[in-house]
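Have a look at the structure below, then the notes.
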């Protein structure tokens with residue numbers, strides 16, 4: 003049941019084309035059933051013990067498709083299916099059945115839903131990776147949904163490149179972990195934390211897994227794909243790029259905290275990169291002109307915030323027991339903000355989609371004064387933005403207070419003075435968050451109304467239902483936060499910090515809106531005051547965005563790397579893949595010479611001996627002279643005819659060598675073969691076209707000469723070395739003894755050819771036959787000019 | 388201008404049979420003396436080439452109405468089947484058998500399955516050489 007639930011969306015996706023083509027009703031209504039079933043199933047699991055189910059996939063490799071619904075998995079599953087239901091509802095009104103290819107859209111979306119559920123419920127690292135890449139692929143398909151637009155394709159490719167890059171590195175990390183522990187199960191790995199800590203690859207595994215999480219969650223410096231992914235339809239942006247997929251990285255960090263928290267590199271990377279992302283995202287969000295651009299950068303920033311809190315949660319593993327634990331808030335705060343962010347960011351994206359849908363533009367400079375025209379959207383946007391800014395009475399206030407608490411505690415972890423920068427950085431980032439939240443709301447709804455592509459009016463109620471539900475969550479969670487935290491977050495914290503808490507009842511955190519005049523409150527008041535001042539003077543300091551030139555950005559770095567991988571590598575390969583066979587022969591011969599000579603040198607093969615050397619007679623010398631003269635004649639011949647005849651001389655003198663060395667069969671064969679091949683050479687020569695009959699001497703090229711000399715030297719050295727170092731006696735004695743008795747023959751050569759080793763001969767005649775047929779085919783079956791069109795008909 | 392090469396034609400008619408017989412001799416003697424299917428085949432095709440040089444392609448085709456493709460294929464098949472004999476008999480592939488028989492005229496003679504294999508080689512070599520020379524030479 004548990005596993006079928008994961009695959010329910012994919013199974014439903016199979017019917018989408020049929021439903022789209024045959025039934026007039028908007029396909030989304032059928033899709034809507036799926037997340038509703040899922041969310042009711044997962045909500046019914048609240049409060050139950052963690053349950054586990056698995057299908058063995060490849061038993062010998064421990065591969066399993068499994069589902070482990072502990073607190074953390076359940077929290078994410080409810081988030082995925084819940085927001086999924088709202089997004090499907092919203093998309094029913096957002097996408098027009100007559101204009102869009104809805105079956106494609108919903109297949110991709112359902113595929114994504116299965117992938118996300120698989121990611122958050124997998125206990126097996128390989129199945130986790132499988133679903134992880136499935137999220138990348140389905141996200142790629144969804145971003146490129148309007149594939150006729152250049153921007154969509156660019157954004158889809160960029161997100162694919164970056165997330166798959168991270169995913170592959172993460173797989174590397176998983177495999178290292180699996181090698182250390184000998185298991186693929188995450189829960190079994192957690193039992194072996196001491197083994198993992200002792201491994202020299204511990205830090206490497208941590209960094210690799212972290213890279214997967216950072217790329218998926220759009221952390222610095224990998225956040226650049228997220229703003230470009232805004233080319234997707236708005237329901238996709240709301241679902242994938244605010245509420246679910248980008249949180250897969252958060253999930254991964256949370257899931258692996260009990261393993262990697264012992265590694266300080268892991269902790270500092272998360273905290274520092276999280277804070278940089280938080281600041282960077284919030285700083286650049288104000289620069290954006292596009293509504294979804296602002297929201298994309300704000301998503302980046304908020305994810306950085308959650309990530310840094312998870313880093314602080316990991317610090318608790320390094321604190322002695324018994325000391326009053328200041329880090330216990332961190333994991334809780336991270337998950338609490340994760341839920342809050344999903345609610346208000348989902349609502350804000352949907353509002354941005356509504357504005358786009360009703361006015362025809364997403365450019366904030368063209369918008370303004372829509373407050374009285376679109377009151378409901380305005381209310382929802384106001385609630386979402388103020389919650390994002392961290393103001394009461396919205397849930398963002400509670401999570402921001404928890405965030406400040408966490409960061410103030412974090413400076414106690416390291417007693418270096420640099421750690422005091424942590425809360426300061428968090429505070430400054432919060433100010434910018436406040437600024438862009440105001441910028442977002444006032445830019446759309448305040449000020450004067452301008453000319454718009456469409457005449458603006460309030461959105462249909464169906465489109466507003468989902469944002470209203472999300473916004474009401476934002477308010478409800480401020481007033482009664484503990485209902486949700488007790489049900490969802492406390493069990494999930496157990497998975498992140500099992501060192502602190504053993505049972506749900508141990509998590510004695512009780513949220514309340516008012517907790518006295520603590521430093522966090524003053525920090526919030528400071529954020530509001532400074533943020534407001536900055537917002538009023540925005541025109542004066544906006545110039546700082548132009549200080550950093552356009553070419554000095556991460557996007558440019560990405561573009562340059564893509565150019566490096568594409569154009570520059572093409573140029574590089576064109577540099578050596580010249581298409582000239584002469585060059586390729588030079589590479590091949592040079593490689594052979596280098597490999598053989600260095601091997602001879604390394605293996606000490608240059609030991610030459612003159613034992614077993616036969617006497618050299620006058621005939622041998624004479625023949626060698628003829629051979630050498632023939633060879634040089636080939637090289638220096640002015641005409642081809644001379645070269646062919648000189649080649650014949652070489653061939654016949656080789657035949658003479660066979661005679662001298664008592665090889666009559668070889669001599670016979672060599673003589674006839676040489677005759678036939680010289681005849682063929684002459685035939686080929688006769689048929690050469692007239693124009694290219696260069697009767698010129700071979701031009702001298704130093705490179706060719708060096709290569710040729712080196713190959714000659716190499717072969718000579720190798721032959722000498724091989725002759726000098728015979729390790730075993732020859733097996734020819736056996737042939738001599740058995741050739742008559744067992745094989746019934748007298749000519750050893752022929753008996754070897756047809757009897758002892760007839761197999762070789764069988765295939766040699768096959769080679770001959772093939773060559774004959776190939777020549778026949780080449781000559782007889784070639785098409786004449788202009789004839790080649792006829793055969794294809 | 389047409390040359391009348393009657394000397395060459397007459398000589399060829401004689402020499403052809405001498406080369407032919409020599410090629411058969413070399414082929415048959417291969418198991419005990421230098422020679423065998425390969426050289427025999429090459430010599431045989433040399434004899435046919437001599438005919439080709441003296442007469443033209445069409446005349447030779449009329450004299451020896453042989454499809455060299457079929458010849459090559461049957462040579463390969465013969466070689467392969469010979470190798471398969473032992474496999475049918477339940478022994479290792481490519482095992483050869485031989486024994487001595489007293490034949491009329493020849494006296495005590497050794498008969499060897501390797502000879503069948505060598506015949507295959509002979510046929511393939513003749514066929515392939517002729518295919519190559521005929522297709523290149525006949526292509527104008």
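Protein chains in written order, with our numbering: chain H, 3 to 795; chain G, 388 to 527.
All C-beta atoms, glycine included, are put in the ideal place defined by N, C-alpha and C.
Taking 6 angstroms as the limit between beta carbons, can you name the residues of its chain near residue i, skipping five residues before and five after?
| i | result |
| --- | --- |
| residue 513 of chain G | 428, 431 and 432 |
| residue 251 of chain H | 215, 218 and 219 |
| residue 255 of chain H | 215 and 312 |
| residue 310 of chain H | 273, 276 and 277 |
| residue 22 of chain H | 29, 104 and 105 |
| residue 715 of chain H | none |
Look up residue i in the DSSP assignment and say whether it is helix, strand or coil.
| i | result |
| --- | --- |
| residue 482 of chain G | coil |
| residue 487 of chain G | strand |
| residue 437 of chain H | helix |
| residue 539 of chain H | coil |
| residue 60 of chain H | strand |
| residue 65 of chain H | strand |
| residue 606 of chain H | coil |
| residue 54 of chain H | strand |
| residue 292 of chain H | strand |
| residue 746 of chain H | coil |
| residue 70 of chain H | strand |
| residue 193 of chain H | coil |
| residue 496 of chain G | strand |
| residue 591 of chain G | What the structure shows of chain G is the stretch from 388 to 527, and residue 591 of chain G is not part of that stretch, so it cannot be assessed. |
| residue 432 of chain G | helix |
| residue 474 of chain H | helix |
| residue 126 of chain H | strand |
| residue 187 of chain H | strand |
| residue 96 of chain H | helix |
| residue 442 of chain G | coil |
Which residues in chain H sit within 7 angstroms of residue i, going by Cβ to Cβ distance?
| i | result |
| --- | --- |
| residue 505 of chain G | 756 |
| residue 485 of chain G | 746 |
| residue 470 of chain G | 760 and 764 |
| residue 501 of chain G | 756 and 757 |
| residue 466 of chain G | 764 and 767 |
Which bits of chain G does residue i rub up against, with CB to CB less than 7 angstroms?
| i | result |
| --- | --- |
| residue 761 of chain H | 481 |
| residue 714 of chain H | Near residue 714 of chain H there are no residues of chain G at all, since even the closest Cβ is about 31 angstroms away, more than 7 angstroms. |
| residue 782 of chain H | 522 |
| residue 771 of chain H | 459, 463, 511 and 515 |
| residue 209 of chain H | Ordered by position in chain G, no residue passes the 7 angstroms Cβ test against residue 209 of chain H, which lies about 57 angstroms from the chain. |
Find the residues of chain H that neighbour residue i, judging by a C-beta separation of less than 8 angstroms, and give them in chain order.
| i | result |
| --- | --- |
| residue 518 of chain G | 774, 775, 777 and 778 |
| residue 497 of chain G | 746 |
| residue 493 of chain G | Correct list: empty, because the minimum Cβ distance to chain H is about 16 angstroms. |
Ordered along the chain, which non-local residues of its own chain (more than five positions away) have a Cβ less than 7 angstroms from that of residue i?
| i | result |
| --- | --- |
| residue 324 of chain H | Residue confidence is low: residue 324 of chain H scores 44 on pLDDT, short of 50, so the model does not pin down where it sits. Its coordinate-derived value is still stated next. Nothing meets the Cβ criterion. |
| residue 660 of chain H | 668, 669 and 672 |
| residue 396 of chain H | 385, 388, 389, 476, 477 and 480 |
Just to make sure I have the definition right: I need the residues of chain G whose C-beta is within less than 8 angstroms of the C-beta of residue i. Which are they?
| i | result |
| --- | --- |
| residue 674 of chain H | 426, 429, 430 and 433 |
For a contact meaning CB atoms closer than 9 angstroms, what does residue i contact in chain G?
| i | result |
| --- | --- |
| residue 678 of chain H | 429, 432, 433, 436, 516, 519 and 520 |
| residue 685 of chain H | 520, 523 and 524 |
Would the beta-carbon of residue i be found less than 7 angstroms away from any heavy atom of the ligand FAD?
| i | result |
| --- | --- |
| residue 608 of chain H | The ligand FAD is absent from the structure shown, which contains no ligand whatsoever. |
Cutting at 8 angstroms between CB atoms, please list the residues of its own chain near residue i, excluding the five before and the five after it.
| i | result |
| --- | --- |
| residue 578 of chain H | 585 and 589 |
Of all the alpha helix (DSSP H) runs that stay within the bounds of the region 366-423 of chain H, which reach a length of 4 or more residues? 377-391 and 397-415
Any C-beta of chain H within less than 9 angstroms: which residues of the region 437-457 of chain G qualify? 455 and 456
Beta carbons nearer than 9 angstroms to chain H: which residues of the region 390-419 of chain G have them? 413, 416, 417, 418 and 419
In chain order, which continuous runs of the alpha helix (DSSP H) of length 4 or greater are located wholly inside the region 224-289 of chain H? 227-230, 236-240, 248-262 and 266-287
Extract the residue ranges of the alpha helix (DSSP H) inside the region 634-677 of chain H, only unbroken runs of 4 or more that lie entirely within it. 642-662
Whole runs of the alpha helix (DSSP H) within the region 538-603 of chain H, excluding any shorter than 4 residues: 540-543, 556-565 and 571-578
Please identify, using Cβ separations under 8 angstroms, the residues of the region 633-666 of chain H that lie next to chain G, in order along the chain. 666
What ranges does the alpha helix (DSSP H) occupy inside the region 297-363 of chain H, keeping only unbroken runs of at least 4 residues that lie completely in it? 330-361
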